[in-house]
Amino acid sequence: MMKEKDILDKSSVTAENDKIKSLAPHTTDATGKMMTTDHGLAINDDQNSLRAGDRGATLLEDFIFREKLTHFDHERIPERVVHARGSGAHGVFKLYEPLESVTKAGFLNDTEIETPVFVRFSTVAGSKGSTDLARDVRGFAVKFYTQEGNFDLVGNNMPVFFIQDAMKFPDLVHAVKPEPDNEIPQAASAHDTFWDFISVMPESTHMIMWLMSDRAIPRSYRMMEGFGVHTFRFINVKGEAHFVKFHWKPLLGVHAVAWDEAQNISGKDPDFHRRDLWEAIESGAFPEWELGVQIVPEKDEFKFGIDLLDPTKIIPEEQVPVQRIGKMTLNRNPDNFFAETEQVAFHVGNVVPGIDFTNDPLLQGRLFSYTDTQLIRLGGPNFHEIPINRPIVAVHNNQRDGFMRQTINRGKVSYGPNALGNNDPKQVKEADGGFTSYEERIDAKKVRSRSKSFLDHFSQARLFFYSQSEPEKNHIIDAFSFELGKVKTVAVRERMVGILSLVDKGLAAAVAFQLGLKVPEVLEKPVNRSIPADGNPDDYKPIQVDGEVKKSLALSMENTVKDSIKSRKIAFLVADGVDAESLLSVKESIVAAGGVVHIIAPKQGMVVASDDTPVPVDESFLTAASVLYDAVYVPGGTNSVATLEAEANAVHFLNEAFKHCKAIAADEQALQVLEATYFFKKLPEDFSEESVLAEGVVVAEDGAALAPLFMQAIAQHRFWNREKPRLIPA
Ligand code: HDD
Numbered sequence: 001m002m003k004e005k006d007i008l009d010k011s012s013v014t015a016e017n018d019k020i021k022s023l024a025p026h027t028t029d030a031t032g033k034m035m036t037t038d039h040g041l042a043i044n045d046d047q048n049s050l051r052a053g054d055r056g057a058t059l060l061e062d063f064i065f066r067e068k069l070t071h072f073d074h075e076r077i078p079e080r081v082v083h084a085r086g087s088g089a090h091g092v093f094k095l096y097e098p099l100e101s102v103t104k105a106g107f108l109n110d111t112e113i114e115t116p117v118f119v120r121f122s123t124v125a126g127s128k129g130s131t132d133l134a135r136d137v138r139g140f141a142v143k144f145y146t147q148e149g150n151f152d153l154v155g156n157n158m159p160v161f162f163i164q165d166a167m168k169f170p171d172l173v174h175a176v177k178p179e180p181d182n183e184i185p186q187a188a189s190a191h192d193t194f195w196d197f198i199s200v201m202p203e204s205t206h207m208i209m210w211l212m213s214d215r216a217i218p219r220s221y222r223m224m225e226g227f228g229v230h231t232f233r234f235i236n237v238k239g240e241a242h243f244v245k246f247h248w249k250p251l252l253g254v255h256a257v258a259w260d261e262a263q264n265i266s267g268k269d270p271d272f273h274r275r276d277l278w279e280a281i282e283s284g285a286f287p288e289w290e291l292g293v294q295i296v297p298e299k300d301e302f303k304f305g306i307d308l309l310d311p312t313k314i315i316p317e318e319q320v321p322v323q324r325i326g327k328m329t330l331n332r333n334p335d336n337f338f339a340e341t342e343q344v345a346f347h348v349g350n351v352v353p354g355i356d357f358t359n360d361p362l363l364q365g366r367l368f369s370y371t372d373t374q375l376i377r378l379g380g381p382n383f384h385e386i387p388i389n390r391p392i393v394a395v396h397n398n399q400r401d402g403f404m405r406q407t408i409n410r411g412k413v414s415y416g417p418n419a420l421g422n423n424d425p426k427q428v429k430e431a432d433g434g435f436t437s438y439e440e441r442i443d444a445k446k447v448r449s450r451s452k453s454f455l456d457h458f459s460q461a462r463l464f465f466y467s468q469s470e471p472e473k474n475h476i477i478d479a480f481s482f483e484l485g486k487v488k489t490v491a492v493r494e495r496m497v498g499i500l501s502l503v504d505k506g507l508a509a510a511v512a513f514q515l516g517l518k519v520p521e522v523l524e525k526p527v528n529r530s531i532p533a534d535g536n537p538d539d540y541k542p543i544q545v546d547g548e549v550k551k552s553l554a555l556s557m558e559n560t561v562k563d564s565i566k567s568r569k570i571a572f573l574v575a576d577g578v579d580a581e582s583l584l585s586v587k588e589s590i591v592a593a594g595g596v597v598h599i600i601a602p603k604q605g606m607v608v609a610s611d612d613t614p615v616p617v618d619e620s621f622l623t624a625a626s627v628l629y630d631a632v633y634v635p636g637g638t639n640s641v642a643t644l645e646a647e648a649n650a651v652h653f654l655n656e657a658f659k660h661c662k663a664i665a666a667d668e669q670a671l672q673v674l675e676a677t678y679f680f681k682k683l684p685e686d687f688s689e690e691s692v693l694a695e696g697v698v699v700a701e702d703g704a705a706l707a708p709l710f711m712q713a714i715a716q717h718r719f720w721n722r723e724k725p726r727l728i729p730a
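Number 456 in UniProt numbering belongs to position 456 of the sequence shown; there are no gaps in the numbering.
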């Protein structure tokens, strides 16, 4: 339980780096201080406005009241047009090995430097106050404050994108956002306009497979991969270029929740991911990712049967392995959400020498959009001066003035070249770190068109589907059935089933069955409205270039890391008379392995254990829910067990945890609580280690025997095979 003093002392984490130091002069703390106006005048009465007599009208003269209300009236700024809902954290990046053969970027060559970072995770479609658990892409934006200026890697948790040309971005976003007449639905793609657009844009098929997979409902921001999506360029000191794709690999593995669970969490705790990130960092369980790169020499550009400039394609890891080059650790929460997380401004165009762009038409369009959007969102051209956006190196140029200018530039000269000011600030030679663009050879006609090498829309969608485990495939089928089931226009549903039939007939048939439709017999080509007015549809007919790789291990979450229970949340269901030994021994083992235990009881306060010791309660059945936990344990104790067996909320808690395929454990004395659940009769009669690992339900005679098996089960994350008999009640 938190005491008032603990709440005041919140910023217990003291991680320091050059960026945090640079924020210090702008950070204030009112503890023990006098109240003043914005202009420094000490305030005597902040409770009453100035009025003509104690029952009279408020006087215009009351500048203190006017200042307070005016500031309040102007407190809000426009939310981000996409990625409005997000959470941020500070951290550091440390390199493992210098990458000098491929890039001259300083922070990728010095293993001694800890580069400060600020990361913002987000959903895409929902508003600022929407639920964290929407089925959606997650943004994964990292600002590296390097010694050569800021490098922003503005990625997502999926390695491909919906569209191939930035020209279509406003259309995509209009289609997915709530419909414009009634502003419904919030933070959901399950509606007509989104699927209408997708059903006539075959290039989005690969991305849609990812969006309908469990990647779209992560267990935690800390358990997601990140991708730079586009192919970028690395440039070395000799000026040689290599193509590069960026990856973030979470050390806790990639894990998801169940869709039914996601929908429940949205009601029980819409801040679930935000809270999870915040609590993990506050408790010292710092989230970690390795930065990975796939590097392709320029000469191999056409080796993989895909166009590296096409953002709807991956390079399978079987073809180009991901080299892990360093580690990012998030070790400090922001002090102020608005000042840091809301005002941080990412831009794909923020690069450093050694990193450059390619002609990916989506990337090229992004290079315009990010700065442009900050002008309206943050109110003018000086957003780079907001403390969170400032680089840790000095800034000198001839940009001047504009709303909210902070920098006080000395001198008369604000132009170059100049003679009056010694021609300062000076341009920097390439050899001294001046940025030069890669000298790519261009010899082309100026055209509006799409390269034929971009027209294979289905092969990698199929690769993704074939790489999934059985439960993952079922989740994809369910997700399509749910989303299209919410679409009212039958023609849209039918077109989508037609598209799916070009990915896999079985997938299309399973979705069509749920929708009460038939799969079209022959679908030569999908409807494609994404062609110019004078375009010949045959020129846009999708091609099929099935790649060498038919199944890629890295695409399935089943193959992820499952070796730890670090930071997993485990619910202990207890009541008065709980067996102290059974509770404490399992708790100690879990806490020692880095897990988090919450004691949940019929009411708040304390329960009295069998040995008369008081046990503080973290949550009651009223405030807790199984969807907020990774696993459940029921300790023994005659009275406690009798209370829980008769407590409908406790039985529901267990049933729901079973439905969502979570690890469940009970002391042998508590078996009768399990007997009250619907799933008990489905369990093998004698629990052996093998059956435990198949079902994820552990029963043992004491804590010592139970803890290791239970922890092994928690580390598995979920027992998806339990879903086989579908429609399990909760
Ligand atoms: Fe974008 C925000 C990621 C395509 C235009 N984008 C934004 C954010 C992320 C991404 C993570 C949130 C940054 C933050 O936390 O502040 N966007 C992507 C990825 C894309 C992508 C991985 C494809 C590979 N975006 C994309 C295109 C355009 C934009 C094609 C426009 C041409 N994105 C924006 C934006 C946003 C943005 C309108 C809204 C808020 C902001 O920039 O700062 O400019």
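A virtual CB, placed ideally from N, CA and C, is assigned to each residue, including glycine.
Computed from a predicted structure; not experimentally measured.
If you draw a straight line from the alpha carbon of HIS47 to that of ILE77, how long is it in whole angstroms?
Translated into the one-based positions of the sequence shown, residue 47 becomes position 47. Translated into the one-based positions of the sequence shown, residue 77 becomes position 77. At residue 47 the sequence reads Gln, which differs from the His that was named. Inter-residue distance for GLN47 and ILE77 is about 27 Å (C-alpha atoms, whole angstroms).
Kindly indicate which three-state DSSP category MET711 falls into: helix, strand or coil?
The residue labelled residue 711 in the question sits at position 711 within the sequence shown. In this structure, MET711 counts as helix in the three-state DSSP scheme.
Relative to the C-alpha of PRO387, which residue among HIS26, ALA15, GLU16 and ASP18 is closest?
Here the question's residue 387 lines up with position 387 in the sequence shown. Just measuring C-alpha positions, the residue of HIS26, ALA15, GLU16 and ASP18 sitting nearest PRO387 is HIS26.
Determine the contact status of ASN423 and PRO417, defining contact as a CB-CB distance below 8 Å.
Residue mapping note: residue 423 aligns to position 423 of the sequence shown, counting from 1. Residue mapping note: residue 417 aligns to position 417 of the sequence shown, counting from 1. The Cβ atoms of ASN423 and PRO417 lie closer than 8 Å to each other.
Expressed to the nearest angstrom, what Euclidean distance is found between the alpha-carbon atoms of ASN721 and LEU211?
On the sequence shown, residue 721 is found 721 positions in, with the first residue counted as 1. On the sequence shown, residue 211 is found 211 positions in, with the first residue counted as 1. If I take the Cα positions, the gap works out to 22 Å.
Would a C-beta distance cut-off of 8 Å place VAL597 and ASP576 closer than the cut-off?
Here residue 597 corresponds to residue number 597 of the sequence shown, with the count starting at 1. Here residue 576 corresponds to residue number 576 of the sequence shown, with the count starting at 1. Contact check for VAL597 against ASP576 fails: the beta carbons are separated by 8 Å or more.
Whole-angstrom Cβ separation of VAL697 and LEU706, contact assumed at under 8 Å?
Translated into the one-based positions of the sequence shown, residue 697 becomes position 697. Translated into the one-based positions of the sequence shown, residue 706 becomes position 706. Contact flag wrong, Cβ pair sits at about 11 Å.
Does the beta-carbon of ARG80, which I'm using as the reference point, lie nearer than 7 Å to any heavy atom of ligand 1?
Looking up residue 80 in the sequence shown gives position 80. Within 7 Å of the C-beta of ARG80 there is at least one heavy atom belonging to ligand 1.
Using 8 Å as the threshold, is the C-beta distance between VAL160 and ILE314 below it?
If you number the sequence shown from 1, residue 160 lands on position 160. If you number the sequence shown from 1, residue 314 lands on position 314. Using a Cβ distance threshold of 8 Å, VAL160 and ILE314 count as a contacting pair.
Could you pull the start and end residues of the beta strand (DSSP E) that ARG138 belongs to?
As a working note, residue 138 is residue 138 in the sequence shown. Taken as a continuous stretch (DSSP letters only), the beta strand (DSSP E) holding ARG138 covers 138-146.
Excluding five sequence neighbours on each side, which residues of the same chain lie with their C-beta closer than 7 Å to the C-beta of MET1?
Counting from one through the sequence shown, the residue named residue 1 turns up at place 1. Reliability fails at MET1, whose pLDDT of 49 lies under 50, so the model's placement of it is uncertain and the value that follows must be treated cautiously. Same-chain partners within the cutoff: PRO616.
Give the straight-line distance between the Cα atoms of GLN604 and LEU573, rounded to the nearest whole angstrom.
For this step, residue 604 is matched to residue 604 along the sequence shown. For this step, residue 573 is matched to residue 573 along the sequence shown. Distance between the alpha carbons of GLN604 and LEU573: 13 Å.
When DSSP labels each residue in this structure, what does GLN399 get in the three-state scheme?
In the sequence shown, residue 399 corresponds to position 399, counting from 1. The answer is coil: DSSP assigns GLN399 none of H, G, I, E or B.
Let me check you understand the geometry: is the CB of TYR370 closer than 7 Å to at least one non-hydrogen atom of ligand 1?
Taking the sequence shown and counting its residues from 1, the one referred to as residue 370 is at position 370. Yes - ligand 1 has a heavy atom lying nearer than 7 Å to the Cβ of TYR370.
Helix, strand or coil: how does DSSP classify TYR633 here?
By one-based count along the sequence shown, residue 633 stands at place 633. It is a strand residue.
Which of helix, strand or coil does DSSP assign to HIS347?
Counting from one through the sequence shown, the residue named residue 347 turns up at place 347. DSSP places HIS347 in coil when its eight states are reduced to three.
What residues match up with GLU114 in a beta bridge as DSSP calls it?
Translated into positions along the sequence shown, residue 114 becomes position 114. Paired residues: LYS94.
Considering only C-alpha positions, which residue in the set ASN157, GLU203 and LEU378 is nearest to PHE338?
On the sequence shown, residue 338 is found 338 positions in, with the first residue counted as 1. A check of alpha carbon separations from PHE338 across ASN157, GLU203 and LEU378 identifies LEU378 as the nearest.
Tell whether a beta-carbon distance below 8 Å holds between ASN389 and VAL352.
Here residue 389 is taken as the residue at index 389 of the sequence shown, counted from 1. Here residue 352 is taken as the residue at index 352 of the sequence shown, counted from 1. No, Cβ-Cβ distance for ASN389 and VAL352 is not below 8 Å.
Rounded Cβ spacing between PHE304 and GLN319 (contact assumed at less than 8 Å)
Along the sequence shown, one-based indexing puts residue 304 at 304. Along the sequence shown, one-based indexing puts residue 319 at 319. Rounded, the Cβ-Cβ distance is 6 Å, consistent with contact.
Looking at LEU277: is its Cβ nearer than 8 Å to the Cβ of ILE217?
One-based indexing of the sequence shown puts residue 277 at position 277. One-based indexing of the sequence shown puts residue 217 at position 217. Contact: no.
Minimum C-alpha distance to ARG274 - residue among LEU309, ASN398, LEU484 and SER122
Residue numbering aside, residue 274 sits at position 274 when the sequence shown is read from its first letter. In this structure, SER122 is the residue among LEU309, ASN398, LEU484 and SER122 with its C-alpha nearest to the C-alpha of ARG274.
Measuring alpha carbon to alpha carbon, tell me which residue in ASN536, ALA601 and HIS660 is nearest LEU622.
Position 622 of the sequence shown, counting from 1, holds the residue named residue 622. Closest option to LEU622, Cα to Cα, is ALA601.
Using the beta-carbon count (16 or more within 10 Å), is VAL395 buried or exposed?
Mapped onto the sequence shown, residue 395 falls at position 395. Here VAL395 is exposed, its C-beta having fewer than 16 other C-beta atoms within 10 Å.
Who are the near neighbours of HIS242 in its chain, counting only those whose CB is closer than 6 Å to its CB and skipping five residues on each side?
Here residue 242 refers to the residue found at position 242 of the sequence shown. Within the same chain, HIS242 has close Cβ partners VAL102, PHE234, ILE295 and PRO297.
Please report the distance separating the alpha-carbon of LEU8 from that of LYS143.
For the purposes of this step, residue 8 is taken as residue 8 along the sequence shown, with counting starting at 1. For the purposes of this step, residue 143 is taken as residue 143 along the sequence shown, with counting starting at 1. With a pLDDT of 45 at LEU8, under the threshold of 50, the predicted position of this residue should be treated as unreliable, and no value is reported.
Pick helix, strand or coil for PHE458, following the three-state DSSP scheme.
Taking the sequence shown and counting its residues from 1, the one referred to as residue 458 is at position 458. Residue state, collapsed to three classes: coil.
Looking at the strands, I want to know which residues DSSP matches up with ILE295.
The count along the sequence shown starts at 1 and reaches residue 295 at position 295. Note: ILE295 sits in a beta bridge opposite VAL244.
Neighbour-count burial assignment, TYR145, 16 or more Cβ in a 10 Å radius:
If you number the sequence shown from 1, residue 145 lands on position 145. By the neighbour-count criterion, in which 16 or more other beta carbons inside 10 Å mark a residue as buried, TYR145 falls on the buried side.
With PHE151 and ILE355 assumed to form a contact (beta carbons below 8 Å), what rounded beta-carbon distance in angstroms separates them?
Taking the sequence shown and counting its residues from 1, one reaches residue 151 at position 151. Taking the sequence shown and counting its residues from 1, one reaches residue 355 at position 355. Confirmed, Cβ separation roughly 6 Å.
Is any non-hydrogen atom of ligand 1 found closer than 7 Å to the C-beta of LEU362, if you look at the structure I gave you?
For the purposes of this step, residue 362 is taken as residue 362 along the sequence shown, with counting starting at 1. Because some heavy atom of ligand 1 lies under 7 Å away, the Cβ of LEU362 counts as near it: yes.
Would you identify the three-state DSSP class for VAL487, choosing helix, strand or coil?
Taking the sequence shown and counting its residues from 1, one reaches residue 487 at position 487. In this structure, VAL487 counts as coil in the three-state DSSP scheme.
Along the alpha helix (DSSP H) that carries GLN514, what are the first and last residues, could you check?
Here residue 514 corresponds to residue number 514 of the sequence shown, with the count starting at 1. 505-515 is the span of the alpha helix (DSSP H), which, as asked, contains GLN514.
Closest by CA to VAL519, which one among VAL527, PRO526, ALA280 and ALA509?
As a first step, residue 519 must be located in the sequence shown, where it is residue number 519. Ranking the options by Cα distance to VAL519, first place goes to ALA509.
What does the alpha-carbon distance come out to for the pair ALA479 and ASP214?
Here the question's residue 479 lines up with position 479 in the sequence shown. Here the question's residue 214 lines up with position 214 in the sequence shown. When the Cα atoms are used, ALA479 and ASP214 turn out to be separated by approximately 9 Å.
Contact belief for VAL634 with GLU656 at Cβ below 8 Å, rounded distance in angstroms
Along the sequence shown, one-based indexing puts residue 634 at 634. Along the sequence shown, one-based indexing puts residue 656 at 656. Their Cβ separation, rounded to whole angstroms, is 14 Å, which puts VAL634 and GLU656 out of contact at 8 Å.
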